[in-house]
Structure formats: C-alpha cells, structure tokens
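Chemist:
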Amino acid sequence: MGERPAAERLHDFQEVDGGLSPEEAVAEAGRCLQCKKPTCVRGCPVEIDIPAFIARIAEGDISGAARIIMENNLLPAICGRVCPQEIQCEGQCILGVKETPLRIGDLERFVADHERIQGPVIPLIAEPTGKRVVVVGSGPAGLTAAAELARLGHAVTVFESLHEPGGVLVYGIPAFRLPKEVVRAEIDQLRAMGVEIRTNHLAGTSVPVSDLLSYDAVFIGTGAGLPFFMKIPGEQLNGVYSANEFLTRVNLMHAELFPEYDTPMRHAGRVVVVGGGNVAMDAARVARRLGSRVTLVYRRREEDLPARRAEVIRAKEEGVEFVLCANPIRILGDPFVTGVECVRTEICDPDDTGRPEPAPVEGSNFVIDADMCIQAIGQGPNPLLIRKLEGIRYGRKGNIMVDEEGSTNLDRVFAAGDVATGAATVILAMGGAKKAARAIDRMLRGSNR
Amino acid sequence: MFRVVKAEQLAEKIFQIWVEAPHVARNARAGQFLVLRIHEQGERIPLTVSAVEEDCVRIIFMAVGKTTLELSTLKAGDSIRDVAGPLGKPSEIGKSGTCIVVGGGAGIASCPIIARAARAAGNRVIGIIGARNADFLILENEMRESCHELHIATDDGSRGFHGFAADVLKKVIAGKKIACVWIIGPAIMMKVTSKVTRERKIRTYVSLNPIMVDGTGMCGSCRVVVGGETKFACVDGPEFDAHEVDFDLLMQRQRVYFDEEKAAVERYHEHSCQCGTGGHHG
Numbered sequence: 000m001g002e003r004p005a006a007e008r009l010h011d012f013q014e015v016d017g018g019l020s021p022e023e024a025v026a027e028a029g030r031c032l033q034c035k036k037p038t039c040v041r042g043c044p045v046e047i048d049i050p051a052f053i054a055r056i057a058e059g060d061i062s063g064a065a066r067i068i069m070e071n072n073l074l075p076a077i078c079g080r081v082c083p084q085e086i087q088c089e090g091q092c093i094l095g096v097k098e099t100p101l102r103i104g105d106l107e108r109f110v111a112d113h114e115r116i117q118g119p120v121i122p123l124i125a126e127p128t129g130k131r132v133v134v135v136g137s138g139p140a141g142l143t144a145a146a147e148l149a150r151l152g153h154a155v156t157v158f159e160s161l162h163e164p165g166g167v168l169v170y171g172i173p174a175f176r177l178p179k180e181v182v183r184a185e186i187d188q189l190r191a192m193g194v195e196i197r198t199n200h201l202a203g204t205s206v207p208v209s210d211l212l213s214y215d216a217v218f219i220g221t222g223a224g225l226p227f228f229m230k231i232p233g234e235q236l237n238g239v240y241s242a243n244e245f246l247t248r249v250n251l252m253h254a255e256l257f258p259e260y261d262t263p264m265r266h267a268g269r270v271v272v273v274g275g276g277n278v279a280m281d282a283a284r285v286a287r288r289l290g291s292r293v294t295l296v297y298r299r300r301e302e303d304l305p306a307r308r309a310e311v312i313r314a315k316e317e318g319v320e321f322v323l324c325a326n327p328i329r330i331l332g333d334p335f336v337t338g339v340e341c342v343r344t345e346i347c348d349p350d351d352t353g354r355p356e357p358a359p360v361e362g363s364n365f366v367i368d369a370d371m372c373i374q375a376i377g378q379g380p381n382p383l384l385i386r387k388l389e390g391i392r393y394g395r396k397g398n399i400m401v402d403e404e405g406s407t408n409l410d411r412v413f414a415a416g417d418v419a420t421g422a423a424t425v426i427l428a429m430g431g432a433k434k435a436a437r438a439i440d441r442m443l444r445g446s447n448r
Numbered sequence: 000m001f002r003v004v005k006a007e008q009l010a011e012k013i014f015q016i017w018v019e020a021p022h023v024a025r026n027a028r029a030g031q032f033l034v035l036r037i038h039e040q041g042e043r044i045p046l047t048v049s050a051v052e053e054d055c056v057r058i059i060f061m062a063v064g065k066t067t068l069e070l071s072t073l074k075a076g077d078s079i080r081d082v083a084g085p086l087g088k089p090s091e092i093g094k095s096g097t098c099i100v101v102g103g104g105a106g107i108a109s110c111p112i113i114a115r116a117a118r119a120a121g122n123r124v125i126g127i128i129g130a131r132n133a134d135f136l137i138l139e140n141e142m143r144e145s146c147h148e149l150h151i152a153t154d155d156g157s158r159g160f161h162g163f164a165a166d167v168l169k170k171v172i173a174g175k176k177i178a179c180v181w182i183i184g185p186a187i188m189m190k191v192t193s194k195v196t197r198e199r200k201i202r203t204y205v206s207l208n209p210i211m212v213d214g215t216g217m218c219g220s221c222r223v224v225v226g227g228e229t230k231f232a233c234v235d236g237p238e239f240d241a242h243e244v245d246f247d248l249l250m251q252r253q254r255v256y257f258d259e260e261k262a263a264v265e266r267y268h269e270h271s272c273q274c275g276t277g278g279h280h281g
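Protein sequences, first through last, are from chains A and B. According to numbering that gives the first Met the number 0, the residues represented by the first sequence are 0 to 448, in order. According to numbering that gives the first Met the number 0, the residues represented by the second sequence are 0 to 281, in order.
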C-alpha cells in the first residue's frame, strides 16, 4: 500500500498514506529486535509496551496487539497517524543506527485500523464509583481524559462548544492526514463506554462555572484555539485568514463542497501561507487541493522548520513552493488581497529559546502576488473559560499553570494539553491528560475513605 | 436537534422563530447571541438572542441569504440541527439615568431585551425604532411596552416620523442629559446614527455583525478594529464603543463572500421545489 502519488491525491481529501497491508505489517514487525531494555518505550509519551505489541503482530495476533496498546493508549488510530514518531519511539529505535528504524507508528495504526473494522472494542470498565467528572473540550486532551476516567468507573460528561466532537482533530487536522471516520470511531467508542458528550455547549456560558464546579472534579482541555495574527499592515484586508479559520471552513464545514454545503470559501488563484509548523503545512496542502498555487513563507531555514519532516516532503511533492528566510511585512490590496510584501531574513545567533533568530535584511523587500494570505504563526489558549474561573493561576501567555499531575491551584480542578503547555502535539496532550485523569482518580478514591 | 416551537413572519422579509434550547435560554442575557446550523450541510450563522421564555429563545432575521431564506421556511415542529450559545459579552447595563435604545430594520430585534434589562436596572428608557417603511417595521408593541417612551421613524413617512432614526435621536437628546445609547441595525445605519451622539460624547454602544464561523474566538473571521486595536466581535463584543469602531472596515469585511452568497441564493431559488407544494428540499 503506502503513499498515493501526489498527482492523484491533489484531487481529493482522501488519506495520503494507505497504511500497511497485513503481510507488510507482519514482515515489518519481524524486524523488531525485541530489546531487553527497549529505548522506544522511553520515547513514548504514554509509555506503550511497544516490543510486546510488535511481537503479537509478528505472531499474527492483531487483537492481542490491540489489547496491549489500549492499556496505555485509547486513541491509537489517531496517534499512529499524527504522532511525530521520528522524534519519539522511532527516533529511539536501535535499528535506526544502522538501517531505518522500525515503523512503529505505521504498525500502531495498522492494529488500530484492523480493530476498527471489527467494530468497537470496549475496554474493561471498573465498578462505578458514583463520582461525577466534567471534561471541558473534546480534543485530544479531553477525549483521553474522558476515556481514562470512564474506564476507571467515573461518570463522565464532556462539554464541546462546536457541533461536532473532536476539537483540533476535526476542525484542524485535514482528512487526508486523519480521516474523520477514524475520529468518529474513537468518539463512538467513548460513547459506548458511557461517556456523555454534549455538543453546542460552551463551558462557562452554556454551562455556568458554578455548575462545572458542582461536579466532583473538573478537567479542562480547552486547547490552544486562539489564533495569533502577525500584526502587520493590511491584515484586515479581505482574503486574509488565520489558519484556524481557513482549516475550519474546509475540515469542519466542508467549504470545499460549496454550494452543496453552505459555508463559502473564495477561490484563490495564488495563496501565501505564513509559518513553518504542521498547521502551516496543513493549510498549504488544503489550499493546493482547492486548486490554488501555494507559496509558503517561513522566516528561518529549511532545517529549522518545526513541521514534521514527512509533512514537509509531502507538501513539496504536492507542489507547495517554499520561500525560506523571508518574512511578510505588509499585505497589499484594496479591499481584496493582491500580494504579500516580504523582506529577506538572515540567520543570526540563537535566541533565548535556542533557535536561531532571523533578522530582516534592509532593502531586500520583494512582493509575492497573491489573492489570499493564510497566517499559521501559532495560537494560544482561548481565555473565555479561564477568565471566568475566579482565582485560577495562569501564565503570561494565558496558559493554565499546573503541577506535574495536571492539578491547578483551584480545588478539584485539573488541566492538561495545549491549554496548560501552550500549542504542542496531540500525543503530549494525551500524555498530560492521562496523568491528570489518574490524579483525579486518586483524589476521588481518596475522598471515599 | 432543537425543536422549533413557533415560527411566523413579522414583516416584509422579516421572520421570527422560537426554538427550544434550554442551555441558551437559561443562561442568556441582553446583548448576547447564538450560533445555529440548520442541518448537516448548513453553515454556522450568528443571530442575537432576541427574547427568552422559559426554555425557549427567540431569533429574528431578515431572509436575504441562502441560510436565512431556508430558515424562513421552518415551521413549528421542525428542528434545527445545532444551536450553540449564549455567546459574546452581555450588554453593560447599570443604573445610570436615561438610556436610549435605537433599532433599525431587523436590528430592532435586539432592542426590547436591552430596553427591558435597562428598565429593570432602574433607568428611564427611551426607544427609537426605524425602518424603510411601515411594512418593514417590527416589534412596535413590544418596544412600547418595554420603554417609557417610544419614537418611530420611516424613510418614507408611512409610519411615524418621516426620516431616519438618526434624525429622531438628534431631537430626543437635545437639551437632555443622556446616560447612554444603544444603536443596533445595519452597519451603515449604526455608522450614521452614532455620529449624532459623538459631539455630545454620550456613551454609545453598537452591536457589530461581522461574518463569523465558530463564534467562540477560534477563527478570527469576525475581527474588527475598535480604537485602532483588532478585536474579535464574538468574544470581545459584540457590543463596542460606537465612537471607536471602524465601520468602513466592518462593511468591507462583510462583503468577503458577496459573490458566493449571491450565487448560493440564485441556486437556492432555482432548486426551490418543483413538486408543487412550494417547499424547498435541501
């Protein structure tokens, strides 16, 4: 199976990577060295027993492999697809020293997809504790916390402000990277476990804070949904989008199917995407699929791109042009965008985050013709609920302050995922949410005594 | 799914719907809005919470776009796929003296709930409602009951004062001490009308209606410039200091999808049912 050719995938939103066939999976699993001290597990934020599940695949016991994965990760079909394995499990794989590392992510996905086709597997659920927990947000952190808490026997209610659960998994990550039926299946499984998901409910307004606090515990997983803009002239022109808006219109609202679907999207002949992360790659690749010529502008060098390497390669295969060491300083147009004025940058000494700081080169201005500019320069926590939680401690960037177990300074209130860490990855959110869910469980059982 | 309890036409092209949405109804305050999506293929549109009764909320809209045209065909017993809210900040209502609530066209929908809240807070409330002509005028009785004093204006003089709401406002504020004014209507009407209170530096609020998607601060589609700063109307508003708002920019950004919206309406009319019942099949 493997990847579909770029020329074919540009015409649809079907998944780019076809995954492993059963034969390929068994053969790949056979490469595992079954290390005594597996380094791959250390690289996994949720500590899946990787050698054990790989061994089951090699034996052809796919359901057995699934059970092992599910002990630590209830959302493997998602993680297998969107985790940055190259810097986690696969990055630590000993095979990588001499040849290519074991394709752990692909194998995880293979197992999860195999199980999904068999129908939802409901994990063993503990005796009901009689405790009620509210989970705010249904993105990676919220889903993980809900699954973990339900499995531990607590009654879980999830509030989601959008009409569909999944958070960034449905509005942000495009279907060609994460098919929506994969997310829906994971959510169906949560429902089958007894989790109540209430969409269209904005915690803090549709559900007053006093109601939230009436639960035995509160888990906040509201993510980093507030888009940043560059604050350069021309940003209010028609045709300037945050990546969030552009991606939401397509991924969640299906603007690509307008007028069959009612949400519109302007057709743009040329699009400039600003940024170098996974969100920028997603936006650029969606724009390509809408038929636009796409230029991605990033202020640092190719080796500094924060996006996953595989996504950069796929973006290039799909015809996204990269303009590196350049930064927009103004958007031109009246009232519709006609171009983006950029300045060349040169890489200076590392800044205090250790990343090289780009400096503008005077007089190097140039204009890229464009009728749309998408800004994918990052996002922060949405302050709506945080400001209503009186006394909760939050940092300079608006992120909720938590301890190692996700506990906030407020009694019985926990948080994890991007709302606590700032924008990061799906798996880190899941790892944090799992820790917080276990801490909530300990607290609730403790109060029973 | 949210059940439509009552649906009727109020005036030329203007409709009202009462929908059962307890999570919105129980928590909504004057000045807030909701976002709805009629069906799976629908877009998300923001509409002011115009009134609340027990578990139901009222929305009032002018059927001009594809979604509002479709919404206008709903009858009691039908349902709306999604209703999210309440969204946005409530109106800032304190006890401050005499308040004026000015509504234009379908914007009158937002006025009674503010007038009632201002009155309940102990203010004297003057209402001014204006429309193109008598056929477009809505909620006259409700405003009369909600305000201590009500003025009416129509562009053609077919009802009340012959002229704009702005002209009436000018007369009403003359020589009076006015604590604050709300002006709600089409962007151009708010721009023109808020000039009347600028010189006297009367605190004036307008409720902005830019294009939105999620309505929770996530997409930035609704960004407006107020006092030189970028704000998101959905979470920082929808009400802002009228004298600081860049109305021209608001109107510019409201037209982003002008061509697409026009095409959608034409397509909707073409696809209007030919089965003879006069209905529309999505």
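Ideal Cβ positions, reconstructed from N, Cα and C, are used throughout, including at glycine. Nothing here was measured: the structure is a model prediction, and the numbers come from that model.
Counting only C-beta atoms, is residue 248 (chain B) closer than 8 Å to chain A at any point?
Modeler: By this cut-off, residue 248 (chain B) is an interface position.
Chemist: Under 8 Å, Cβ to Cβ, is there at least one residue of chain A near residue 213 (chain B)?
Modeler: It does; some Cβ of chain A falls within 8 Å.
Chemist: Name the chain A residues that come within less than 8 Å of residue 255 (chain B), Cβ to Cβ?
Modeler: Going along chain A in sequence order, the residues near residue 255 (chain B) (Cβ under 8 Å) are 237, 238, 265.
Chemist: Quick one: Cα of residue 70 (chain A) to Cα of residue 47 (chain A), how far?
Modeler: Each residue's alpha carbon lies about 8 Å from the other.
Chemist: Suppose you measure from the CA of residue 51 (chain B) to the CA of residue 19 (chain B); what does that come to, to the nearest Å?
Modeler: Roughly 10 Å between the two C-alpha positions.
Chemist: Is there contact between the region 13–33 of chain A and the region 167–179 of chain A, where contact requires at least three CB pairs shorter than 8 Å?
Modeler: Yes, they touch.
Chemist: When you compare each of B:104, B:178, B:142, B:87 to residue 129 (chain B) by their alpha carbons, which one comes out closest?
Modeler: It is B:104 whose Cα lies nearest to the Cα of residue 129 (chain B).
Chemist: Residue 74 (chain B): which of B:4, B:30, B:98 sits nearest, CA to CA?
Modeler: Of B:4, B:30, B:98, the residue nearest in Cα terms is B:4.
Chemist: Hey, how far is the Cα of residue 415 (chain A) from the Cα of residue 320 (chain A)?
Modeler: In a straight line, the C-alpha of residue 415 (chain A) is about 36 Å away from that of residue 320 (chain A).
Chemist: Within 8 Å, do at least three Cβ pairs link the region 174–181 of chain B to the region 86–105 of chain B?
Modeler: In short, these stretches touch, since the Cβ pair count reaches three.
Chemist: Using the Cα positions of residue 523 (chain A) and residue 19 (chain A), report the straight-line distance between them to the nearest angstrom.
Modeler: The structure shown does not extend to residue 523 (chain A), since chain A is modelled only from 0 to 448, so the question has no answer here.
Chemist: How close, in whole Å, do the beta carbons of residue 45 (chain B) and residue 32 (chain B) come, if the pair is a contact with beta carbons under 8 Å?
Modeler: Their Cβ separation, rounded to whole angstroms, is 5 Å, which keeps residue 45 (chain B) and residue 32 (chain B) in contact under 8 Å.
Chemist: Please confirm whether residue 291 (chain A) has its beta-carbon closer than 8 Å to some beta-carbon of chain B.
Modeler: Closer than 8 Å: no.
Chemist: What's the call for residue 65 (chain B), buried or exposed, on a 16-neighbour Cβ count within 10 Å?
Modeler: Buried, since its Cβ has 16 or more Cβ neighbours within 10 Å.
Chemist: With distances taken Cα to Cα, identify the nearest neighbour of residue 156 (chain B) among B:34, B:132, B:166, B:266.
Modeler: Measuring from the Cα of residue 156 (chain B), the nearest candidate turns out to be B:132.
Chemist: Can you check whether the CB of residue 31 (chain A) is closer than 8 Å to the CB of residue 74 (chain A)?
Modeler: No. Outside cutoff.
Chemist: So for residue 221 (chain A), helix, strand or coil by DSSP?
Modeler: Three-state DSSP puts residue 221 (chain A) in coil, outside helix and strand.
Chemist: For the 8 Å Cβ check, are there 3 or more pairs between the region 218–230 of chain B and the region 230–242 of chain A?
Modeler: The region 218–230 of chain B is in contact with the region 230–242 of chain A.
Chemist: In whole angstroms, what separates the C-alpha of residue 38 (chain A) from that of residue 83 (chain A)?
Modeler: Cα-Cα distance, rounded: 16 Å.
Chemist: What does a CB cutoff of less than 7 Å around residue 433 (chain A) pick up in its chain, not counting 5 residues either side in sequence?
Modeler: These residues qualify, in order along the chain: 45, 143, 147.
Chemist: Report all residues from its chain with a CB closer than 8 Å to the CB of residue 193 (chain A); omit the five preceding and five following residues, and keep chain order.
Modeler: Within the same chain, residue 193 (chain A) has close Cβ partners 124, 149, 154, 155.
Chemist: Can you tell me the Cα-Cα spacing of residue 417 (chain A) and residue 257 (chain B), whole angstroms?
Modeler: So the alpha carbons of these two residues sit roughly 36 Å apart.
Chemist: Let me confirm a value: residue 209 (chain A) is counted as buried when at least 16 other C-beta atoms fall within 10 Å, else exposed. Which label applies?
Modeler: The residue in question, residue 209 (chain A), is exposed, as its Cβ has fewer than 16 Cβ neighbours within 10 Å.
Chemist: Would you say residue 74 (chain B) faces chain A, with C-beta separation under 8 Å as the test?
Modeler: Answer no: the Cβ-Cβ gap between residue 74 (chain B) and chain A never drops below 8 Å.
Chemist: Taking a contact to mean a Cβ-Cβ separation below 8 Å, would you say residue 238 (chain B) touches residue 225 (chain B) in this structure?
Modeler: No, Cβ-Cβ distance for residue 238 (chain B) and residue 225 (chain B) is not below 8 Å.
Chemist: Using a threshold of 8 Å, state whether the C-beta atoms of residue 159 (chain A) and residue 116 (chain A) are closer than that.
Modeler: In this structure, residue 116 (chain A) does not lie closer than 8 Å to residue 159 (chain A) by Cβ.
Chemist: From residue 78 (chain B) to residue 17 (chain B), what distance separates their C-alpha atoms?
Modeler: Approximately 11 Å between the Cα atoms of the pair.
Chemist: Select from the region 41–63 of chain B all residues with a C-beta closer than 8 Å to any C-beta belonging to chain A, and list them in chain order.
Modeler: Of all residues in the region 41–63 of chain B, 41, 42, 43 have a Cβ within less than 8 Å of some Cβ in chain A.
Chemist: Put residue 175 (chain A) into one of helix, strand or coil per three-state DSSP.
Modeler: In the structure shown, residue 175 (chain A) sits in coil (DSSP, three-state: anything other than H, G, I, E or B).
Chemist: Can you pull the chain A residues whose beta carbon is under 9 Å from the beta carbon of residue 66 (chain B), in chain order?
Modeler: 261, listed in chain order.
Chemist: At what residues does the beta strand (DSSP E) containing residue 32 (chain B) begin and finish?
Modeler: Taken as a continuous stretch (DSSP letters only), the beta strand (DSSP E) holding residue 32 (chain B) covers 32–36.
Chemist: Please state if the CB of residue 278 (chain A) and the CB of residue 171 (chain A) are separated by a distance shorter than 8 Å.
Modeler: Yes, they are a contact pair.
Chemist: Have a look at residue 37 (chain B) and residue 301 (chain A) and give me their C-alpha separation to the nearest angstrom.
Modeler: Cα to Cα, the separation comes out at about 45 Å.
Chemist: For residue 170 (chain B), name the three-state secondary structure that DSSP assigns.
Modeler: Residue 170 (chain B): helix per DSSP, three-state reduction.
Chemist: Using a beta-carbon distance cut-off of less than 9 Å, what residues from the region 257–271 of chain B approach chain A?
Modeler: Residues 258, 259, 260, 262, 263, 266, 267.
Chemist: Rounded C-beta distance between residue 124 (chain B) and residue 168 (chain B)? I'm assuming under 8 Å.
Modeler: Contact doesn't hold; Cβ gap of about 14 Å is too wide.
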